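Asker: The opening position of the sequence shown corresponds to residue 0 in numbering that gives the first Met the number 0, with each subsequent residue numbered one higher.
Glycine included, C-beta positions come from ideal geometry on N, C-alpha and C.
For clarity, every value in this text was computed on a predicted model and none was experimentally measured.
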Amino acid sequence: MAETVAERLVQTLIDAGIRRVYGIVGDSLNPVTDAIRRSGTVDWIHVRHEEAAAFAAAADAELTGQLAVCAGSCGPGNLHLINGLFDAHRNMAPVLAIAAHIPSAEIGTGYFQETHPAELFRECSHYCELVSHPRQFPRVLQTAMQHAVSRRGVAVIVLPGDVAAMELPSGAVGQGPFVAVPVVRPANDDLARLANLLNAARTVTLFCGTGCARAHHEVLALAEKLKAPVGYSFRGKQWMEHDNPYAVGMTGLLGWGAAYDAMHACDVLLLLGTDFPYDTFMPTSPRIAQVDVRPERLGRRSRLDLGLCGDVGDTIAALLPLVEGKGDRTFLDRMSERHERARRKLRAYVEHVGTRRPIHPEYVAATLDELASPEAVFTVDTGMCAVWGARYVHAAKGRRFVGSFNHGSMANALPQAIGAQVAYPGRQVISLSGDGGLAMLMGELLTLGQHELPVKIVLFNNHTLGMVQLEMEVAGLPHHGCELKNPNFAALAQAVGLEGVRVEDPAQVRPALERMLGCKGPALLDVVTDPNVLAMPPKATIAQAKGFALAMTKMAFADELDDVTDTVMSNWRMFP
Ligand SMILES: Cc1cc2nc3c(=O)[nH]c(=O)nc-3n(C[C@H](O)[C@H](O)[C@H](O)COP(=O)(O)OP(=O)(O)OC[C@H]3O[C@@H](n4cnc5c(N)ncnc54)[C@H](O)[C@@H]3O)c2cc1C
Ligand SMILES: Cc1ncc(C[n+]2csc(CCOP(=O)(O)OP(=O)(O)O)c2C)c(N)n1
Ligand SMILES: [Mg+2]
Numbered sequence: 000m001a002e003t004v005a006e007r008l009v010q011t012l013i014d015a016g017i018r019r020v021y022g023i024v025g026d027s028l029n030p031v032t033d034a035i036r037r038s039g040t041v042d043w044i045h046v047r048h049e050e051a052a053a054f055a056a057a058a059d060a061e062l063t064g065q066l067a068v069c070a071g072s073c074g075p076g077n078l079h080l081i082n083g084l085f086d087a088h089r090n091m092a093p094v095l096a097i098a099a100h101i102p103s104a105e106i107g108t109g110y111f112q113e114t115h116p117a118e119l120f121r122e123c124s125h126y127c128e129l130v131s132h133p134r135q136f137p138r139v140l141q142t143a144m145q146h147a148v149s150r151r152g153v154a155v156i157v158l159p160g161d162v163a164a165m166e167l168p169s170g171a172v173g174q175g176p177f178v179a180v181p182v183v184r185p186a187n188d189d190l191a192r193l194a195n196l197l198n199a200a201r202t203v204t205l206f207c208g209t210g211c212a213r214a215h216h217e218v219l220a221l222a223e224k225l226k227a228p229v230g231y232s233f234r235g236k237q238w239m240e241h242d243n244p245y246a247v248g249m250t251g252l253l254g255w256g257a258a259y260d261a262m263h264a265c266d267v268l269l270l271l272g273t274d275f276p277y278d279t280f281m282p283t284s285p286r287i288a289q290v291d292v293r294p295e296r297l298g299r300r301s302r303l304d305l306g307l308c309g310d311v312g313d314t315i316a317a318l319l320p321l322v323e324g325k326g327d328r329t330f331l332d333r334m335s336e337r338h339e340r341a342r343r344k345l346r347a348y349v350e351h352v353g354t355r356r357p358i359h360p361e362y363v364a365a366t367l368d369e370l371a372s373p374e375a376v377f378t379v380d381t382g383m384c385a386v387w388g389a390r391y392v393h394a395a396k397g398r399r400f401v402g403s404f405n406h407g408s409m410a411n412a413l414p415q416a417i418g419a420q421v422a423y424p425g426r427q428v429i430s431l432s433g434d435g436g437l438a439m440l441m442g443e444l445l446t447l448g449q450h451e452l453p454v455k456i457v458l459f460n461n462h463t464l465g466m467v468q469l470e471m472e473v474a475g476l477p478h479h480g481c482e483l484k485n486p487n488f489a490a491l492a493q494a495v496g497l498e499g500v501r502v503e504d505p506a507q508v509r510p511a512l513e514r515m516l517g518c519k520g521p522a523l524l525d526v527v528t529d530p531n532v533l534a535m536p537p538k539a540t541i542a543q544a545k546g547f548a549l550a551m552t553k554m555a556f557a558d559e560l561d562d563v564t565d566t567v568m569s570n571w572r573m574f575p
C-alpha cells in the first residue's frame, strides 16, 4: 500500500534521528499523530500549551545541537507555538514546526479556525511553506529541515489535514537533511588586517559570545598570546567562564566583574561570536574588530574598525600564527585583580544577607550553585532570575544555561526545562523560575507529572513582577500593576503530584534545596523572597541613580554608585 504524506513525514523524521515531537493533538493533525503512534519509534510529548512545545523543542535543539520538532493543530493550535518559535529562531536553535492547517478546499473562505500560518510564521523562520499537493511534500520537508539545520533556526511546514492523509504518488523524492559543516574563515587579507590591528595595540580585550561554543581552546590560546582579559555575554558564559584564567565576567545590566572596564580601557576590543544587544554598554574609544559567522550581523551593535566573516575556532586557528605574542601583562593583571575584587564583594554580600528575612534571592542562587551538579542544566526565567543566574551560578565545565536570552519572553524556564529533561533523562535539570513566569505557563507542572520528568523548580516567589518593578523604579515611577497575589505554590505542586516544599526562613534554604535536589521525581521549592532587592549594573548612570532615588525617597545611595567595578547589590534597607 502506498504511503501517506503523514507516514512519509514520520519516516523521514525517524531517518533523521528524531525520536520525539512536542505538541498538542487536534483534528487537522490527526493523520500525523496517528502515524507517530503507529511508528512505535517517535514519542509524542504532550504538553498543556503549544507555546511550551516550541520552547521545549528549542531547548532540546539548543542543548543537543540536533533538529527538534514541535507541532500544533490548525488555527489557534499552531498559533500558540509562535512565541516559542520566535525564541528558538532568535537563539539559532534548529526547530521544525508542523503547523497543521484547515482542509485545503476551505482555504480563503474564512473557514472555522482559519488563519494563514505561512504569513504568521514568516518572521520567526528561515523557511515557511504551505503544502498544497502530496508530490510537493517530500522536497518541501527536505528543504525545511535543510534550512533549520544549516541556517540554524526555525522552519515551518503548513500542512492541511486532508493533504497529510493523502497518498504520495510513486517516485516522490524524499531524504533527510544534510548536516554540512564547512570551515569558515576570513580571507587572507582580512586576517592580515586583523593581525596588524592586534599587533599594533598595547592592550587588547576579547569579548566572547555563544559563537565561541566550540572554541574554548582557541580563545584561550589567543588570550594567552595577547595577554588579553576575556569578557563574555550571558550566552557566552557557559563556554567561557570555566577553566579560564583570563575571565573577567560579564557586562550589561546583569554584568559583574571587570568586563565593562576591560572593554572600555583597552586599545583594541575583539568581539568573537557575539551579538550582545545592549549597545549603550559598548565602548566607543577603542578600535573594535568583530568576527561572526553571519556577516550580515557585523557592525550592527557598535562602531567597527574591522568586520570579518568566520567561525571563531577556524578564524583563531588561522590568525594565531600571524599574531605576535605580547610580554606585558600589566593590563591583564589589573583587570584580573578588579575581577577578583568584584568576586569577593559578591561572596561577601551573599554571606551578609544569608541570614536576613525575607530571604534574599542572591543567597538562594549562591547556595543552589554550591549544591547543584557540575553537569546541571539551568533554565533561567526572564526577569530577576536572569540576574541571579548570571551572577551567582557558576558555569562549571559541564553545566549549561538556557534562557529566552535573545527574545526575552517570560515563562520560558519551565518549558525549556521540559525539553532539557526529555533530551537528557539522567541529567539534573533545574528551572530558575519567577512567580510571574511560572504562573504564565503553570499548566506545564502537569506535564512534569504526566511524563515523569524529574525537573527541579526553584521558584523565586517575590510576589511581584520584580524586574518590571525595578525598571519602574529606575525610571522614577512608582510601581504599578506588578503585585502578584500568589497561592502557596508548594501546596499547589503537591496537588498535581509533585514534591512541593515552601521556605520562608533563611535557615531552611540549604536543607530544603538539598532535599529537593535529592528527590527522585519532579519537585518545586517555593522560596518566599524579598521583593525589594536591587540589582545594580556594573556601571550605573546618573539617570538610573536619580530614578531609584526618586522612586524611593527614603533610600540613600552608597557613594560607590559611580564606581565602575562596584557590583554590590544593595538592599535599600542596608542604607536607612
Ligand atoms: C532579562 C534579561 C537580561 C539580560 N541582560 C544581559 C546582560 O546584562 N548581559 C548579557 O551579556 N546578556 C544579557 N542578557 C542576554 C542578552 O539579551 C543576549 O541574549 C546575550 O547577551 C547574547 O549573547 P551572545 O551574543 O553570546 O548570543 P547571540 O545574540 O545569540 O549571538 C551569537 C552570535 O554569534 C554568531 N555565531 C554563532 N556561531 C558562531 C561561530 N561558530 N563562529 C562565529 N560566530 C558565530 C551568531 O551569528 C550571532 O551573531 C539578558 C537576557 C535577559 C532575558
Ligand atoms: C511574555 C512577556 N510578557 C511580559 C514581559 C515583560 N516582563 C519582563 S520581566 C517581567 C516580570 C517577571 O516577573 P517574575 O516572573 O515574577 O520574575 P521576577 O522578575 O519577579 O523575579 C515582565 C512582566 C515579558 N518579557 N514577556
Ligand atoms: Mg516575581
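Hey, quick one: how far does the alpha helix (DSSP H) through Y126 stretch, first residue to last?
Answerer: Reading the sequence shown from its first residue, position 127 is the one you call residue 126. Not the alpha helix (DSSP H): Y126 falls in the beta strand (DSSP E), residues Y126 to L129.
Asker: Residues in the same chain with beta-carbon distance under 7 Å from S149, minus the five sequence neighbours each way, listed in chain order, please.
Answerer: Here residue 149 refers to the residue found at position 150 of the sequence shown. Hits under 7 Å: A179.
Asker: Name the residue from L78, H79 and G160 whose alpha carbon lies nearest to the alpha carbon of P30.
Answerer: The residue labelled residue 30 in the question sits at position 31 within the sequence shown. P30 has its Cα closest to that of G160, out of L78, H79 and G160.
Asker: For a test of your reading of the model: does the CB of D86 fall under 7 Å from any non-hydrogen atom of ligand 2? Yes or no.
Answerer: Position 87 of the sequence shown, counted from the first residue, corresponds to residue 86. Not so, every heavy atom of ligand 2 lies at least 7 Å from the Cβ.
Asker: Do L193 and A288 count as a contact pair if the criterion is CB distance below 8 Å?
Answerer: The count along the sequence shown starts at 1 and reaches residue 288 at position 289. The count along the sequence shown starts at 1 and reaches residue 193 at position 194. The answer is yes: Cβ separation under 8 Å.
Asker: Between C481, L307, Q493 and Q415, which has its C-alpha nearest V46's C-alpha?
Answerer: As a first step, residue 46 must be located in the sequence shown, where it is residue number 47. Minimum Cα distance to V46 is reached at Q415.
Asker: Starting from A389 and walking both ways along the alpha helix (DSSP H), at which residues does that stretch end?
Answerer: Position 390 of the sequence shown holds residue 389. From DSSP, the alpha helix (DSSP H) with A389 extends over M383 to Y391.
Asker: Below 8 Å CB to CB, which residues in the same chain sit around M165 once its five sequence neighbours on both sides are set aside?
Answerer: Reading the sequence shown from its first residue, position 166 is the one you call residue 165. Excluding positions up to five away in sequence, the list reads T3, V4 and P133.
Asker: At what residue ranges does the stretch 231-319 contain a whole run of the beta strand (DSSP E), taking only runs of 3 or more?
Answerer: Those beta strand (DSSP E) runs which fall completely within the stretch 231-319 and span 3+ residues are 267-271, 286-291 and 305-308.
Asker: Output the distance between the C-alpha atoms of V386 and G254, rounded to the nearest integer angstrom.
Answerer: For the purposes of this step, residue 386 is taken as residue 387 along the sequence shown, with counting starting at 1. For the purposes of this step, residue 254 is taken as residue 255 along the sequence shown, with counting starting at 1. Straight-line Cα distance between these residues: approximately 8 Å.
Asker: How about L464: is its Cβ closer than 7 Å to a heavy atom in ligand 3?
Answerer: On the sequence shown, position 465 is the one that residue 464 refers to. Yes, Cβ of L464 sits closer than 7 Å to a heavy atom of ligand 3.
Asker: Going by Cα to Cα distance, which pick from R184, C265, R213 and A200 is closest to V229?
Answerer: If you number the sequence shown from 1, residue 229 lands on position 230. Of R184, C265, R213 and A200, the residue nearest in Cα terms is C265.
Asker: Any heavy atom of ligand 3 closer than 7 Å to the CB of D434?
Answerer: Within the sequence shown, numbered from 1, the residue matching residue 434 stands at position 435. Yes, ligand 3 has a heavy atom inside 7 Å of this Cβ.
Asker: Could you check whether V267 and M239 sit closer than 8 Å to each other, using their CB atoms as the reference points?
Answerer: Locating residue 239 in the sequence shown gives position 240, counting from the first residue. Locating residue 267 in the sequence shown gives position 268, counting from the first residue. Taking 8 Å as the Cβ cut-off, M239 and V267 do not qualify as a contacting pair.
Asker: Evaluate L331 with the Cβ neighbour count: other Cβ atoms within 10 Å of its Cβ, from every protein chain shown; 16 or more gives buried, anything less gives exposed.
Answerer: Your numbering for residue 331 matches position 332 in the sequence shown. The residue in question, L331, is buried, as its Cβ has 16 or more Cβ neighbours within 10 Å.
Asker: Over what stretch of residues does the beta strand (DSSP E) that includes E498 continue unbroken?
Answerer: One-based indexing of the sequence shown puts residue 498 at position 499. Residues E498 to V502.
Asker: Should the stretch 197-215 be regarded as contacting the stretch 320-331, the criterion being three or more beta carbon pairs within less than 8 Å?
Answerer: Taking 8 Å as the limit for Cβ pairs, the verdict is that the stretch 320-331 does touch the stretch 197-215.
Asker: Tell me which residues share the same chain as L305 and place their Cβ nearer than 7 Å to its Cβ, disregarding the 5 neighbours each side in the sequence.
Answerer: Sequence index remark: in the sequence shown, residue 305 carries index 306 (1-based). Only R192, L193, L196 and A288 meet the Cβ criterion.
Asker: Should P75 go down as buried or exposed, given a rule of 16 or more other Cβ atoms within 10 Å for buried?
Answerer: As a position in the sequence shown, residue 75 is number 76, starting the count at 1. Result: exposed.
Asker: Taking only three categories from DSSP, how would you classify H351?
Answerer: Within the sequence shown, residue 351 is the residue found at index 352, counting from 1. Looking at H351 - three-state DSSP - the assignment turns out to be helix.
Asker: CB of T378 to nearest heavy atom of ligand 2: below 7 Å?
Answerer: Stepping through the sequence shown from its first residue, residue 378 is reached at position 379. Not under cutoff, so the answer is no.
Asker: Quick one: does the C-beta of T3 sit closer than 7 Å to a heavy atom of ligand 1?
Answerer: Walking along the sequence shown from the start, residue 3 turns up at place 4. No, ligand 1 has no heavy atom inside 7 Å of this Cβ.
Asker: Put S335 into one of helix, strand or coil per three-state DSSP.
Answerer: Your numbering for residue 335 matches position 336 in the sequence shown. If DSSP states are grouped into helix, strand and coil, S335 belongs with the helices.
Asker: Could you check what DSSP says for P159 in three-state terms: helix, strand or coil?
Answerer: Mapped onto the sequence shown, residue 159 falls at position 160. Strand, per DSSP.
Asker: Are P453 and G499 close, meaning C-beta to C-beta below 8 Å?
Answerer: Position 454 of the sequence shown, counting from 1, holds the residue named residue 453. Position 500 of the sequence shown, counting from 1, holds the residue named residue 499. No.
Asker: Between which two residues does the alpha helix (DSSP H) containing D59 stretch?
Answerer: As a first step, residue 59 must be located in the sequence shown, where it is residue number 60. From DSSP, the alpha helix (DSSP H) with D59 extends over E49 to T63.
Asker: Going by alpha carbons, who is nearest to R234 out of N531, P276, L321 and D242?
Answerer: In the sequence shown, counting from the first residue as 1, residue 234 sits at position 235. With distances taken between Cα atoms, R234 lies closest to P276.
Asker: Verify whether the separation of the beta carbon atoms of F459 and C384 is less than 8 Å.
Answerer: To locate residue 459, count along the sequence shown from 1; it is residue 460. To locate residue 384, count along the sequence shown from 1; it is residue 385. For F459 and C384, yes; Cβs fall inside 8 Å.
Asker: Between the beta-carbon of A489 and the beta-carbon of D525, is there less than 8 Å?
Answerer: For the purposes of this step, residue 489 is identified with residue 490 of the sequence shown, where counting begins at 1. For the purposes of this step, residue 525 is identified with residue 526 of the sequence shown, where counting begins at 1. In this structure, D525 lies closer than 8 Å to A489 by Cβ.
Asker: For a quick check, are the C-beta atoms of A143 and L95 less than 8 Å apart?
Answerer: Looking up residue 143 in the sequence shown gives position 144. Looking up residue 95 in the sequence shown gives position 96. Yes, the pair counts as a contact, with Cβ atoms nearer than the cut-off.
Asker: Cβ of D579 within 8 Å of Cβ of H393?
Answerer: Not covered by the structure: residue 579. The range shown for the chain is 0 to 575.
Asker: How big is the Cα-Cα spacing for S38 and L84?
Answerer: Mapped onto the sequence shown, residue 38 falls at position 39. Mapped onto the sequence shown, residue 84 falls at position 85. Rounded to the nearest angstrom, the two C-alpha atoms are 26 Å apart.
Asker: Between the Cα of R19 and those of E443, V9 and L28, spot the shortest distance and give me the residue it belongs to.
Answerer: Within the sequence shown, the letter at position 20 stands for residue 19. The shortest Cα separation from R19 among E443, V9 and L28 belongs to V9.
Asker: Give the straight-line distance between the Cα atoms of L12 and T378, rounded to the nearest whole angstrom.
Answerer: Along the sequence shown, one-based indexing puts residue 12 at 13. Along the sequence shown, one-based indexing puts residue 378 at 379. One C-alpha to the other measures close to 27 Å.
Asker: What are the residues that DSSP puts in a beta bridge with I358?
Answerer: The residue labelled residue 358 in the question sits at position 359 within the sequence shown. Answer is T528, bridged to I358.
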